[in-house]
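Residue numbers (full-length UniProt numbering): 1 to 441.
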């Protein structure tokens, strides 16, 4: 064997490793995430994973709405091609309410643990922790999306940096409005927890706050009659959708209910840890059927199809009630099912579907997937349609939707694994090190 042969073999081995790295490294990252120790609440990963899938699916459909927004006949034809029993998919944006519920629960439960251990809450430490959890990946997203419109980035980027773009600007990152609502809620959350823990009946206080939040949503809609007197399909066709969206969709005062429900969830588990129920198999079946039915019914709204029986006849008083309650019913039903099964002494182990390790993976990379799925949905549609000349597209067949969904999901997951590895997890660890130095306890 010549001296050059071992060197050549070593070089070829390194070259093969380098070429395989874009495939092997994401697999290794995913494997490490999946094999992390089980969390205290497996249902968190389950719900967060479901929410990620719902958001991507919603925006796959939304892309068709965007494509046909100037051609009402084509858009109506697409909407009417969706079977009525599947129409709930068009309300998959309610996944955001699940995100609100989960983030509020996790942070509230963590603050309760800190308070009952130290009899105080370090507001500065809480904000520092949130900063390192949110800002690094957010800045990456802001810069990348800002490349599409540098002028807007430089003139309006500060709205995004302060998380007030949902109030004063259209935003640069398409989904930042929801993160802005969360950040705005985080500003008051530690003070809310401190207030509640000093009350004799914190759960009763929370119930009152939730009721007030529902009444505020009712009042905002009631103050602008056009919001509830206009059929939803008209917001697409004739009425400026900003009338509804700016009042009922993008702002914290009308979206705070699931965030408060998350706080209630935390207080229920903390203050009533030994409460128990004994549900029979039949009773659990009834709970599950009722809860899922309420979720399904709440996801029927908004009704995009002008031919829906909801509009024949159209009742604006009923519409006002539905606008007020549909998100509360959705998130409240999910919380009720979670609590009933949590307290059921006969449910010692979560069902296999809830404990599936794949949910852990989606839960861990949910943040980057939420930010970056938009461009991959566009890419997936180009691949499936086989053209970038969208003007000549006359209709979209439903069978294309799953193809676009799985392509967009795969592309987004791939990028998100890298972002989790290089940005998200590294800055979270950095934040923890800084916390441990600045706050000794």
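Here a beta-carbon is modelled for each residue, glycine too, at the ideal position from N, C-alpha and C.
Query	Result
Applying the 10 Å Cβ sphere with the 16-neighbour rule, what's the burial state of residue 27?	exposed
Pick helix, strand or coil for residue 240, following the three-state DSSP scheme.	coil
Look up residue 71 in the DSSP assignment and say whether it is helix, strand or coil.	coil
So what does DSSP say about residue 147, is it helix, strand or coil?	coil
Of all the options 290, 425, 76, which has the alpha carbon lying nearest to the alpha carbon of residue 64?	76
Rounded to whole angstroms, what is the Cα-Cα separation between residue 126 and residue 350?	31 Å
Could you tell me which of 306, 353, 378 sits nearest to residue 82, measuring between CA atoms?	306
What residue range does the alpha helix (DSSP H) around residue 165 cover?	165–168
Rounded to the nearest angstrom, what separates residue 247 and residue 275 at their Cα positions?	39 Å
Can you confirm whether residue 306, when its beta carbon is compared against all beta carbons of chain C, has any partner nearer than 8 Å?	This model lacks chain C altogether; it includes just one protein chain.
Which parts of the region 193–250 are runs of the alpha helix (DSSP H), unbroken and 4 residues or longer, counting only runs that do not cross its ends?	202–223, 225–229, 232–237
Once you ignore the five residues that flank residue 226 on each side, which residues in its own chain have a CB closer than 8 Å to its CB?	239, 243
Does the beta-carbon distance from residue 141 to residue 330 come in below 8 Å?	no
Are the beta-carbon atoms of residue 94 and residue 362 separated by less than 8 Å?	no
Closer than 6 Å by C-beta to residue 328: which residues in its own chain qualify, once you throw out the five before and the five after it? Chain order, please.	214, 257
DSSP three-state label for residue 38, please.	coil
Could you compute how far the alpha carbon of residue 299 sits from the alpha carbon of residue 325?	11 Å
So, using beta-carbon positions, are residue 115 and residue 193 closer together than 8 Å?	yes
When DSSP labels each residue in this structure, what does residue 53 get in the three-state scheme?	helix
For residue 446, count the other beta carbons within 10 Å of its own beta carbon; 16 or more makes it buried, fewer makes it exposed. Which is it?	The structure shown has nothing for residue 446, since the chain only spans 1 to 441.
Quick test of your reading: residue 210 and residue 264, contact by CB under 8 Å. State the CB separation rounded to the nearest angstrom.	7 Å
How about the region 275–294 and the region 228–238: do they share at least three Cβ pairs that are nearer than 8 Å?	no
Looking at C-beta atoms only, is the number of pairs between the region 155–164 and the region 172–189 that lie closer than 8 Å three or more?	yes
Would you check if the region 368–382 and the region 332–347 touch, i.e. whether three or more CB-CB distances between them fall below 8 Å?	no
Identify, in the order they occur along the chain, each residue of the same chain with its Cβ nearer than 6 Å to the Cβ of residue 55, setting aside the five sequence neighbours on each side.	95
Below 6 Å CB to CB, which residues in the same chain sit around residue 58 once its five sequence neighbours on both sides are set aside?	92, 93
Could you pull out every unbroken alpha helix (DSSP H) segment of at least 4 residues lying fully inside the region 66–138, listed in chain order?	72–80, 95–118
Could you spell out the range, first to last residue, of the alpha helix (DSSP H) harbouring residue 272?	Here residue 272 belongs to no alpha helix (DSSP H), and DSSP marks it neither H nor E.
Less than 8 Å between the C-beta atoms of residue 259 and residue 344, yes or no?	no
Name the residue from 207, 389, 136, 44 whose alpha carbon lies nearest to the alpha carbon of residue 423.	136
Within 8 Å, do at least three Cβ pairs link the region 410–428 to the region 28–40?	yes
I'd like the list of long-range same chain contacts for residue 398, defined as Cβ closer than 8 Å, with 5 residues on each side in sequence excluded.	81, 82
Following the continuous alpha helix (DSSP H) through residue 386, name the residue where it begins and the one where it ends.	Note, residue 386: premise wrong, no alpha helix (DSSP H); not H, not E.
Just the Cα atoms here: how many angstroms apart are residue 46 and residue 98?	11 Å
Taking C-alpha atoms, which residue in 389, 110, 411 lies nearest to residue 368?	411
Select from 23, 106, 270 the residue whose C-alpha is nearest the C-alpha of residue 117.	270
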